[in-house]
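Asker: Sharing a structure, written as structure tokens. Questions coming.
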Amino acid sequence: MSSKMQINSVEFAHCVGLKSQLPQPGLPEIAFAGRSNVGKSSLINCLIKRKALARTSGQPGKTQTLNFYLVNAKIYLVDLPGYGFAKVPPQVRSKWKELLEDYLSQRMSLKGVALVIDSRHAASPLDLQMYQWLKYYNKPLLIVATKVDKLRSSEYKPFLQRLQAAYAAPVIPFSSEKGIGREEIWRQVENVMRD
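Counting from 21, one number per residue, gives the positions in the sequence shown under the numbering used here.
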């Protein structure tokens with residue numbers, strides 16, 4: 021893979037709602053975590069240059085499974101259920117939590133996690149909690165701030181600086197509409213896979 025990522029093939033490979041349904045560990049996996057409705061699916065669609073392979077929705081909590089997308093038969097991009105304000109029964113939320121925690125803390129082929137946040141909002145307690153949790157489990161991490169095309173030019177720099185200060189880490193500005201940040205994310209993914 022080069023930083024000008026060539027997408028030769030993509031397939032929706034696995035839809036996982038239970039730990040027993042996880043594919044056999046093997047190919048490297050990069051997971052995408054974030055609040056419901058933050059734009060994870062749009063981000064994945066932009067990365068793989070497909071309009072609607074990853075399912076997007078205006079309805080928070082639509083992704084209720086771990087969705088595995090196989091890229092170039094070499095790497096899985098994994099869309100995780102959004103956390104936050106999904107209107108789901110407590111027992112379903114508890115099942116997600118268990119599946120997510122098991123996957124993020126124990127999965128051997130998970131090479132890194134992209135924490136997806138909304139560039140227009142200050143760091144939320146849930147996002148910061150997820151960031152600390154991922155750091156605790158020593159997962160290579162990149163932070164992607166979506167929807168930067170919706171920021172006014174006067175907001176762009178201060179909003180991103182505020183997020184970088186909150187996480188004490190670099191933040192990649194991203195727009196699925198304009199493709200901003202796409203190459204940088206692939207570059208970071210390649211770095212994680214090389215380590």
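All C-beta atoms, glycine included, are put in the ideal place defined by N, C-alpha and C. Here the structure is a predicted model, which is why all the values come from computation and not from measurement.
1) In whole angstroms, what is the alpha-carbon distance linking Gln44 and Met128?
2) Measuring only the C-alpha atoms, how far is Ile205 from Leu146?
3) Using the Cα positions of Ser173 and Ile68, report the straight-line distance between them to the nearest angstrom.
4) Count the other CB atoms, across all protein chains shown, that sit within 10 Å of the CB of Ser114; report buried if there are 16 or more and exposed otherwise.
5) Within 10 angstroms of its Cβ, does Leu38 collect 16 or more other Cβ (buried), or is it exposed?
6) Could you pull out every unbroken beta strand (DSSP E) segment of at least 3 residues lying fully inside the segment 27 to 57, listed in chain order?
7) Quick one: Cα of Glu203 to Cα of Asn28, how far?
8) Tell me the residue span of the beta strand (DSSP E) that contains Lys131.
9) Measuring CA to CA, which of Ser195, Phe32, Pro160, Gln126 is closest to Asn92?
Answerer: Short version:
1) 10 Å
2) 23 Å
3) 28 Å
4) exposed
5) exposed
6) For the segment 27 to 57, whole beta strand (DSSP E) runs of length 3 or above, ordered along the chain, are 30 to 36, 49 to 54.
7) So the alpha carbons of these two residues sit roughly 16 Å apart.
8) Looking at the DSSP string, the run of the beta strand (DSSP E) that includes Lys131 is 130 to 138.
9) Phe32
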